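Per full-length UniProt numbering, the very first residue in the sequence shown carries number 1; after that it's consecutive.
Just so you know, even glycine gets a beta-carbon here, dropped at the ideal spot from N, CA and C.
A quick note: this is a predicted structure, and the numbers were derived from the prediction, not measured.
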Amino acid sequence: MFYGDGGGRLEDPGFDAVIGNPPYVEVGDPIEEYLRGTFEVSEYFVDLFHVFLEQGVQLLSEDGEFGYIVPEPWLTMENTRRLRQFVLTNTAVEQVVRFEKTVFDEATVDTIILTLRKTDNPGRVRVLRAENGGNQIQGVTETNQLDQESLLDTPQKRIEVRQTSKETDLLRHIRSASVQLDEIADVSIGIQAYNRSKHTEEQIENRIFHADTQESEEYLPELSGQDVSRYSVKHDGETWVKYGDHLHDYRPMRYFSAPRILVREITSSGRHKIHAAYTEETYCNYKTILNILPTGDYSGKYLLAILNSTAMSWIFLRTSNKVVSDTFPRISVTDLEGLNVPLIDFEKSTPLSEQKLTELFEGYLRTGDSAPLRSAVSDIVDFSSGHPGVLHDFLRARVDDLTDWQERRSSIDVTLLNYLGNYTEGPSLPISVSSSRRRRTSSMRRPRTTRSSASATSRPSATAPA
């Protein structure tokens, strides 16, 4: 309301309710410059829904109600802290409704319904999950409640709605027995070779710092995200980059030559979201790969085992800086730095040796019975003061096993055409019991091709058995 019963303008005018679906569009100059000077929520970039949200709240009268459908990522992103600060300070967040499925076919971002009340007396935030088919809601379930004042007391003011109440308790327990990765390792993004602020269009178009061979010692093998998978690093042999401060985003050499972990920026859609590998080779990696250099007692291979675990992927999905979706599945430096690594007390002794743990593990591989191994591990883990160093060493050794297994697996030629040959002198496929049986059966069905009937080009017949 803007005017009272007598027609006079109210001291605190405003609407009783503001509802809407604002545009989700990033803007540039000159509009960006104006919005930055007018609205307090503008930060790293300016998205129109940010300023629509601020304006909508400003238009409310005291105790007025607000409801928008907006993208979800701003609730946790590092670069939208100012927007969260504004909302948590000037309103009571009543509900955040998440959707199981995409609401708008044309939108590529997950959306939420945000309901607020303009007041300086916040309470608890109800987190709801809506079962929907497109824009039709079939049911709503409450998954958690958050204390708004507690959210304001945190450095980033994150409004974490991805966790159920049970998951929140579990993650709190995990953090109490962990050390953050940035306390025991140095994390960095890779290089970016070109940028218009430093290079000409001709230099960028001709990729002047790249070559398909090593033209001099300045050229290093370059890796991109596709070259890293779980426990494996594979350079294509044909991509080299001239290393030096002429590159747009230059990084010190230690990130490319020291023993380190390489993490693929694009996460997977499977249960192993994080794909990481260990290397001691010299590679210059592009920014689609993140680098982790251990700085303390924790082995890089131990850290790799933790990062590649299904447990860490589960944690990452619920704590990442940006909501992980199938459309933009990425892990950032901030995400990695904030991951919790199980705390190790390297001075703590235990009657269980690494050799005994290895024997139990090998027994599990032979029999499929994990009970003896689980029992032994549960007897020595310590969530109060840190796990014994034997667990650190055991996991480090398993990384060597997995890396060797990946190398053997990748050495297998799985290209069918490489096994096909001239059948005039007999089969050229690797002999096995099953393949031999198939060949005998095949030879009874059709006559064997003779040398005289073979093609002059020595290619197998299209109907020849493979």
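Beta bridge pairing from DSSP links I344 with H387.
Looking at the DSSP output, I189 sits in a beta bridge with L290. Contact annotation, S410 with S176: C-beta distance approximately 39 Å; criterion of less than 8 Å not satisfied.
Taking I380 as the centre and dropping the five residues before and after it, the same chain places the C-beta of T350, L352, H387, P388, V390 and L391 closer than 8 Å to its C-beta, in chain order. The Cβ atoms of L181 and V341 lie closer than 8 Å to each other. The straight-line gap separating the alpha-carbon atoms of T89 and D147 is approximately 13 Å.
When rounded, the separation of the alpha-carbon atoms in L128 and Q192 is 41 Å. Taken atom to atom, the span from the alpha-carbon of S229 to that of A276 is near 6 Å. Contact check between the segment 254-273 and the segment 353-360: fewer than three CB pairs, one atom from each, fall below 8 Å, which does not count as touching. Counting only residues of its own chain and dropping the five nearest sequence neighbours on each side, Q163 has a CB closer than 7 Å to the CB of N144, L171 and R318. For the UniProt domain "TaqI-like C-terminal specificity" (221-339), the full-length alpha helix (DSSP H) segments reaching 4 residues or more read 254-257, 300-307, 310-319 and 333-338 along the chain. Around the beta carbon of G56, 16 or more other beta carbons lie within 10 angstroms, which makes this residue buried. When DSSP states are grouped into helix, strand and coil, D382 belongs to the coil group. D297 is positioned such that its CB atom lies no closer than 8 Å to that of S320. The bridge partners DSSP lists for Y219 are K242.
Going by DSSP, N132 is part of the beta strand (DSSP E) stretching over R124 to G133. In this structure, I19 is the residue among E11, I19 and Y278 with its C-alpha nearest to the C-alpha of R117.
If you ignore the 5 residues before and after T115, its C-beta comes within less than 6 Å of the C-beta of G67, E94 and Q95, all in its own chain and listed in chain order. Looking at V27, F99, G14 and F15, the one whose alpha-carbon comes closest to that of V140 is F99. Assigned with DSSP and collapsed to three states, E40 falls in coil, not helix or strand. Looking at the DSSP output, Y68 sits in a beta bridge with G20 and L114.
Separation of the CB atoms of L262 and N291 is rounded to 6 Å, and the pair is thereby assigned contact status at 8 Å. DSSP lists A130 as the bridge partner or partners of F99.
Between E160 and P71, the alpha-carbon positions lie close to 14 Å from each other.
Residue pairing by DSSP places S178 opposite P342 in a beta bridge. Taking the Cα of K273 as reference, the smallest distance to any Cα among Y243, I315 and S188 is reached at I315. By the CB criterion at 8 Å, L223 and N285 fall inside the cutoff. By alpha-carbon distance to T102, the top candidate from E131, T288 and R254 is E131.
Fewer than three Cβ pairs drawn from the segment 248-264 and the segment 203-212 lie within less than 8 Å of each other, which leaves the two stretches out of contact.
In the structure shown, H199 falls within a coil segment according to DSSP collapsed to helix, strand and coil. It is roughly 28 Å from the alpha-carbon of E78 to the alpha-carbon of D245. The continuous beta strand (DSSP E) containing E142 extends over residues Q136 to D147. Looking at the DSSP output, A211 shares a beta bridge with W240.
By alpha-carbon distance to V41, the top candidate from I31, P30, L53 and E33 is L53. Residue state for D47 is assigned as strand, using DSSP reduced to three classes. By DSSP's assignment, V93 forms a beta bridge with L116.
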